[in-house]
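Accompanying notes for the structure given below.
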Amino acid sequence: MTSDTRPLSLNVPEPGCRPGNTPDFSGFEIPRAGAVPRPPVDVDPDAIRDMAFSIVRVLNKDGEAVGDWAGALSTEELHEGLRHMLLLRTFDARMLNAQRQGKTSFYMQHLGEEAVSCAFSRALEPGDMNFPTYRQAGLLIASGYPMVTMMNQIYSNAEDPLHGRQLPIMYSSKEHGFFTISGNLGTQFVQSVGWAMASAISGDTRIAAGWIGDGSTAENDFHAAMVFASTYTAPVVLNIVNNQWAISTFQGIARGGVGTFAARGHGFGIASVRVDGNDYLAVHAVAKWACERARRGHGPTLIEHVTYRAGGHSTSDDPSAYRSRREAAAWPLGDPVERLKKHLIAIGEWSEERHAQAEAEVLDTVRAAQKEAEAIGTLSAGKVPSPRDMFEGVYETMPPHLIRQRQEAGF
Amino acid sequence: MTSDTRPLSLNVPEPGCRPGNTPDFSGFEIPRAGAVPRPPVDVDPDAIRDMAFSIVRVLNKDGEAVGDWAGALSTEELHEGLRHMLLLRTFDARMLNAQRQGKTSFYMQHLGEEAVSCAFSRALEPGDMNFPTYRQAGLLIASGYPMVTMMNQIYSNAEDPLHGRQLPIMYSSKEHGFFTISGNLGTQFVQSVGWAMASAISGDTRIAAGWIGDGSTAENDFHAAMVFASTYTAPVVLNIVNNQWAISTFQGIARGGVGTFAARGHGFGIASVRVDGNDYLAVHAVAKWACERARRGHGPTLIEHVTYRAGGHSTSDDPSAYRSRREAAAWPLGDPVERLKKHLIAIGEWSEERHAQAEAEVLDTVRAAQKEAEAIGTLSAGKVPSPRDMFEGVYETMPPHLIRQRQEAGF
Amino acid sequence: MIEAIREAHDVAMAADERVVVFGEDVGFFGGVFRCTAGLQEKYGKSRCFDAPINESGIVGTAIGMAAYGLKPVIEIQFADYVYPAYDQIVSEAARLRHRSNADFTCPLVIRMPTGGGIFGGQTHSQSPEALFTHVSGLKVVMPSNPRDAKGLLLAAIADPDPVIFFEPKRLYNGPFDGHHDKPVESWKSHPLGEVPDGDGIVPLGKAAVRRAGAEVTVLAYGTMVFVAEAAAAETGVDAEVIDLRSLMPLDLEAIVGSVQKTGRCVIVHEATRTSGFGAELMALVQEHCFYHLEAPVIRVTGWDTPYPHAQEWEYFPGPGRVGEALKKVMED
Amino acid sequence: MIEAIREAHDVAMAADERVVVFGEDVGFFGGVFRCTAGLQEKYGKSRCFDAPINESGIVGTAIGMAAYGLKPVIEIQFADYVYPAYDQIVSEAARLRHRSNADFTCPLVIRMPTGGGIFGGQTHSQSPEALFTHVSGLKVVMPSNPRDAKGLLLAAIADPDPVIFFEPKRLYNGPFDGHHDKPVESWKSHPLGEVPDGDGIVPLGKAAVRRAGAEVTVLAYGTMVFVAEAAAAETGVDAEVIDLRSLMPLDLEAIVGSVQKTGRCVIVHEATRTSGFGAELMALVQEHCFYHLEAPVIRVTGWDTPYPHAQEWEYFPGPGRVGEALKKVMED
Ligand SMILES: Cc1ncc(C[n+]2csc(CCOP(=O)(O)OP(=O)(O)O)c2C)c(N)n1
Ligand SMILES: Cc1ncc(C[n+]2csc(CCOP(=O)(O)OP(=O)(O)O)c2C)c(N)n1
Ligand SMILES: [Mg+2]
Ligand SMILES: [Mg+2]
């Protein structure tokens, strides 16, 4: 041992800001909108390593869409996109409230992250399959899944398609390309790769999209997904939603010493891109590019959506215990709804009045769905699934021991 | 979907050469010896990203030690290094044979990879801890662990320090900085990080070294090791021994679309270096650099040792079923023993005669140890551990149910 | 019970520098159930810290630390999330001592909130204890009250071998007998809610009789202890309720003594039935009390299905079902 | 038995394009035990291929494939290495159908060589079946001979739910009754070594009586079936040896019918005792045959220790130990 060796000490990363501190994002580098060029979809991943350290952005401060990645969406599509985000935000607000009223046991919202799932959804084709986390309900809303069915699931009422078996918001819809959500973090990232491999094995043209949170990239399944996607050039888009927090744990604990989560892809030769997750146009453009890569056989893309979890982790969480109340407001990428609204106004296709009217319409829609769902039942009242349902579907055919148990239970 | 989308297909990587084919390593880029500069130990990992795509080499074709990384070892140390490798090679040959004779159930050799563990060992200090795989017995031999004890373990005889409990070659020696080997691949990579974290937590100066094979980097524990090492800047050296094969599976299946295993470190901001694993001087120099980084608090280093498994995977394996018999001879980095021998001759410190004499001495040493071990016993004859030993040590204090079972067993 | 667990950590950390605590959200925030609140502030970031969300890595690094000589006490956020760490626990933590002949050992405590009754659905309600009792080299503990929680946790931390420590989350804030419609009780008014100061341990491997009785022995642990007490009270069956507290090592003597006395036995657990720990208890009872048994032993357990969200109370083995079993075992 | 397993793959792959086979070393080489030899050549690299060494990834991708609509048949190189995949199996494969109300399902076969008797030491000898029988949603199968291996594997591949398929590796090359000093036998001369051509299945959930008897019922599976037969022959006890073949679903009827007839029961397995599948069998026997039992049921099992290398035959529950149990149960 060299004689000048000093005692070692443990490095434990800390967030910039805890309750009581002043949020400071000045160290967070944000390239200007339009700065990152759009490479061809068959680009060699090695040639775009810098994209993992930059951020693809389309909307500038003035709400203009600029650069290579702009121009992919029609005005009608943008209107629809805004409506999807408003629907999701309103849905969240009402369901949060329903949980407080005891109509369900649990809820998780998307506040500040609406663009990610809503815009991504638009890049997929029917038949493609998402393997979402609990924070991508925008995939369902944007693909037209009935809101009342979502509520039935949340309320675990008699019309819940999952028969009350699952925790609220753990939706499943094969038809809408939305894989049954797991409560276990990370497990589905690698399943999305398997689904994509199956599509390739079958000579199909469908692709898969995996989803994972910043904190959950630390899970081992992340590695499995990257290894298999890389080895078999699977037609999959692997999405990391970096909303800066994993419950009370800031993203630095999962990220460690590397600059960005997107850079994780470099160890696997996977094309890796960072995108402004609060920019509907940027998310959509990058998603489209990545989906095309996958579908044309150029293999996987890793996308880091840079966004911010403006609300609590779930209804069980109070973030003021571990981060500054002012952090959300200081978040430099703004609010996705406001930014798309500003863009539409900037291009002369929207106004404050139309926005207010849209909000009102959206509220009516959500309210109507809620009324319909609550007329069926909630966790605390009304029509509920049968206890028999708990025994059904463990296997396709109920084996003798479960029949005996069901009888013992008296159902 | 774009109308021109064609059916997808699965990409399954294939090795360059199967039985019957002619080995061709022409695509394998080998920088000349001395080409890679030696950065300071506090270098920013990002500044040496190219080192993950090159190979640190010291010995050139003519056996000269050249470049920044040369000059760290005295002639005496080189003589000793050669002796260690010869000991390991001879030990392997004799134990392989002992297995064929039924004196033990199983053996795994190091043929062609002797430099990796023998040279690395020299970079460690007493008290440091290796978390080895089954293919780093050179760590024990080079640190002076008694060969007869190794054989007692292999023979599961009455003097086996592990009392016959473990599979042959699954040694353990805390005193010699050699963590108890697991049969489960990958598990110990992350344990090495934990041990290193513990050293840092304790304000100690000791460091850990983790070991993993190329194939085993695919295991999820590899990810856990990288995440924790990166986040807590653990004082650990993480070694990947890329010997090109994982039983019958070539390294491309684990590596996927990235150029090298060392590049895996880039996704974590970990300093990552490739080294010529068949060059005793290069392995030692890189190991020393990485250990110093760790010990001075600069955090983890990932080292890919580029080598070749010249023998079968284990005594249960016949590699001619899946790779060309000529591949080992075509391997462009040569043989580690031959290369060090050539170097010593080149610097005028060795000769064919001295080498022959050294080989004879080594053989005597190994033979003597073997005689001693066999006089105690082998798996098939002589003194064996007591069946009682199987019940001991499951817990520190034997709980009642195990006492009952031991009595039931009649021991 | 949360406070008792926090206290046990505090006592152990104060007494022994080698005790380190980490897990998801356990550092600054003090854990999602607040069982480690204040420890980071008191003992510093290198003795209590947040971990990346990687259960396998948490256990794997803890094994390395334990082998180094520290005593890690780690938290898995929910028992339902222990499976990614299963290999590290089964193939490594449980094996180090034996395979190295004590050259390396693994004094390690793995805590995890367990069980249902909080509408947590299938991934926040499981009771996987039987998956650990089958693995030689592990100890398995489940307290049912604050007093035991503190004493057993201190014993687990002092233990030289790896201990899986299950905390019934429905008991965190008060006793619970399965009558979910009744107002929530707090530990304040319960005698076992009173936790002695200091570093007194409750030894691993010793059961406690929670209710003495002559007619039937009820073997239970965790939340089910209160359910069994309620069922006995409500049916009037004179049941002896044994709180096993530690499943491995198991207090066979207490079990056999009681069953040989009563001649009848009901086993209650929240985990799924098939291959649950109840099967082992049943096997032991029939091996050791065969000639004393007057009626078949009955298991009252969770069903062999995932733990459902809406049908929580039909799944939960409540006092009604346990009461039925008590009556049946008396009739048999 | 290897050839029978290979044949089952071949038949299934020929009949159904959706059957895909992968795992460590299963492609070009055909598996370290050669159970998939020739399949890659015959069906191409996208239907039979090598996987990275990542058991969790193998199962995880297979789940995705099964959900897509394929029927993956995957190999875990040794049962001892299944634990890294435990989370994917328990939390995902076993749960998809139930939690999605059959919106997504998981028809998947996970094969793995199991058991000891080959001097494999603690990481090539384990029998972890009880860790899967405790998990609702899984089926668990263990054949004891080539005929059943083929028929059960075909049934497993046809099954709409995930099946854990244990292959006793000591039986790969011939029957084995635990007399390790006797010359090795081959399947050629054994009636159950004859495997019918074609796609005939052996249904899951049906046990087979391997030896009819009147005095005591022996419940066994895998290698232990032959051990039990040998013990019966050697002791002269008129034992009825039942080969369970499938542990989940279990042929309770066959078990109960036999035990009610004989009034005595010995349970044999190679896995560690505590919380092994024997505990569940014991529980079921006492629940269903209490009034017929004339003596305590006895378990003969592996000890609650890691599977040792040198002491292999002291660990292995051989015919001597089973014979002792048969004699004891007759005396009790
Ligand atoms: C395997 C597993 N471990 C732990 C948890 C508990 N848990 C639920 S959400 C969460 C944080 C996830 O953070 P992130 O991945 O960043 O996603 P976000 O909630 O921010 O969308 C944790 C630790 C879990 N659900 N599964
Ligand atoms: C978890 C686990 N999976 C599979 C195996 C079986 N196995 C033993 S060695 C080996 C190949 C390892 O290859 P590599 O990591 O390249 O190391 P090498 O043998 O080349 O040194 C495999 C698959 C194992 N021991 N553990
Ligand atoms: Mg997050
Ligand atoms: Mg290798």
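Chains A, B, C and D, in that order, are what the protein sequence lines are.
Just so we're aligned: the first sequence equals residues 1034 to 1444 in the working numbering.
Just so we're aligned: the second sequence equals residues 1034 to 1444 in the working numbering.
Just so we're aligned: the third sequence equals residues 4 to 335 in the working numbering.
Just so we're aligned: the fourth sequence equals residues 4 to 335 in the working numbering.
Think of the CB as a built atom: it goes at the ideal place given N, C-alpha and C, for glycine as much as any other residue.
message: Could you tell me the alpha carbon to alpha carbon distance between B/Arg1297 and B/Pro1046, rounded to whole angstroms?
response: The alpha-carbon atoms of B/Arg1297 and B/Pro1046 are separated by roughly 18 angstroms.
- request: When you get a sec, list the residues whose CB is within less than 7 angstroms of any heavy atom of ligand 4, chain order please.
  value: Those satisfying the condition are, in chain order, B/Gly1246, B/Asp1247, B/Gly1248, B/Val1274, B/Asn1275, B/Asn1276, B/Gln1277, B/Trp1278, B/Ala1279, B/Gln1284 and B/Arg1342.
- prompt: Alpha carbon to alpha carbon, how far is B/Ala1224 from C/Ala65?
  reply: Here residue 1224 of chain B is Gln; the residue named in the question, Ala, does not match the sequence. Taking the straight line joining both Cα atoms gives about 7 angstroms.
- request: Determine which residues share a DSSP beta bridge with C/Cys268 and list them.
  value: Beta-bridge pairing links C/Cys268 to C/Thr220.
query: Ends of the beta strand (DSSP E) at C/Glu78?
result: Lys74 to Glu78 is the extent of the beta strand (DSSP E) around C/Glu78.
- prompt: Roughly how many angstroms lie between the CA atoms of A/Phe1444 and D/Pro252, to the nearest whole one?
  reply: Each residue's alpha carbon lies about 21 angstroms from the other.
query: Applying the criterion that 16 or more other CB atoms from any shown protein chain within 10 Å of the CB defines a buried residue, is A/Thr1055 buried or exposed?
result: exposed
- prompt: B/Ser1042 to A/Gly1330, Cα distance in whole Å?
  reply: 8 angstroms
message: So, for B/Leu1119: in the same chain, excluding its five sequence neighbours on each side, which residues have a beta-carbon less than 7 angstroms away from its beta-carbon?
response: Val1370, Ala1391, Glu1392 and Val1395.
task: With 8 angstroms as the limit, tell me which residues of the region 1049 to 1082 of chain B have their beta carbon closer than that to any beta carbon of chain D; keep them in chain order.
output: Arg1051
- prompt: Going along chain C, which residues have a C-beta under 7 angstroms from D/Met227?
  reply: Under the 7 angstroms cutoff, chain C gives no residues; its nearest Cβ is about 17 angstroms from D/Met227.
message: Using a Cβ-Cβ distance cut-off of 7 angstroms, determine whether D/Ala105 contacts chain A.
response: Closer than 7 angstroms to some Cβ of chain A, the Cβ of D/Ala105 qualifies, so yes.
message: With a threshold of 7 angstroms between beta-carbons, can B/Met1034 be considered close to chain C, or not?
response: With a pLDDT of only 46 at B/Met1034, under 50, the local geometry of the prediction cannot be trusted, and no value is derived from it.
message: Taking the alpha helix (DSSP H) that A/His1112 belongs to, which residues open and close that run?
response: Thr1108 to Arg1133
CB contact flag (A/Met1189, C/His312, <7 angstroms): For clarity, residue 1189 of chain A is Ser in the given sequence; the question names Met instead. Yes. Within cutoff.
Chain G within 7 angstroms of D/Met285, Cβ atoms only: Of the protein chains in this structure, namely A, B, C and D, none is chain G.
- prompt: On the three-state DSSP scale, how would you describe A/Glu1337?
  reply: strand
- request: Mind listing the chain A neighbours of C/Gly26? Cutoff is C-beta to C-beta under 7 angstroms, in chain order.
  value: By Cβ distance, chain A contributes nothing, its closest Cβ being about 10 angstroms from C/Gly26, past 7 angstroms.
message: On the DSSP bridge list, what partners appear for C/Val300?
response: Beta-bridge partners of C/Val300 (DSSP): none assigned.
- prompt: Should B/Asn1044 go down as buried or exposed, given a rule of 16 or more other Cβ atoms within 10 Å for buried?
  reply: buried
task: Go ahead and label B/Gln1440 buried or exposed: buried means 16 or more other beta carbons lie within 10 angstroms of its beta carbon, across all protein chains shown.
output: exposed
task: Report, in whole angstroms, the separation of the C-beta atoms of C/Ile160 and C/Val22, which I expect to be a contact under 8 angstroms.
output: With 8 angstroms as the limit, C/Ile160 and C/Val22 qualify as a contact, their Cβ atoms being about 6 angstroms apart.
field: For C/Gly123 and B/Asp1309, the rounded distance between their alpha carbons
entry: 53 angstroms
message: Bridge partners for C/Lys142 per DSSP, in chain order?
response: C/Val166
- prompt: Between the region 180 to 192 of chain D and chain B, which residues of the former have a C-beta closer than 7 angstroms to a C-beta of the latter?
  reply: none
message: Less than 6 angstroms separating the Cβ of D/Gln2 from some heavy atom of ligand 2?
response: Here chain D has residues from 4 to 335 only, and residue 2 of chain D is not among them.
- prompt: For C/Pro146 versus C/Gly196, is the C-beta distance shorter than 7 angstroms?
  reply: no
- request: Consider the C-beta atom of A/Leu1218 and the heavy atoms of ligand 1; say whether any pair is separated by less than 6 angstroms.
  value: yes
field: Host alpha helix (DSSP H) of A/Glu1405 (start-end)
entry: Glu1385 to Ile1409
query: For the beta strand (DSSP E) that D/Gly119 lies in, which residues bound it at each end?
result: Segment: none, D/Gly119 is in no beta strand (DSSP E) and carries neither H nor E.
- request: Decide if the region 1235 to 1244 of chain A is in contact with the region 1421 to 1441 of chain B; the criterion is three or more beta carbon pairs, one per stretch, under 8 angstroms apart.
  value: no
task: Measure from the C-beta of A/Lys1444 to each C-beta in chain B and report whether the shortest distance is under 7 angstroms.
output: For the record, residue 1444 of chain A in the displayed sequence is Phe; it is not Lys. By this cut-off, A/Phe1444 is not an interface position.
- request: Find the nearest neighbour of C/Ala82 within the set C/Pro171, C/Arg302, C/Glu315 and C/Leu284, judged by alpha-carbon distance.
  value: C/Pro171
query: Whose Cβ in chain C lies nearer than 9 angstroms to the Cβ of D/Ser249?
result: Chain C residues near D/Ser249: none, gap ~13 angstroms exceeds 9 angstroms.
query: Quick one: does B/Gly1290 have its CB under 7 angstroms from some CB of chain C?
result: Chain C contact via Cβ: absent.
- prompt: Is there at least one Cβ from chain A nearer than 7 angstroms to B/Ser1263's Cβ?
  reply: yes
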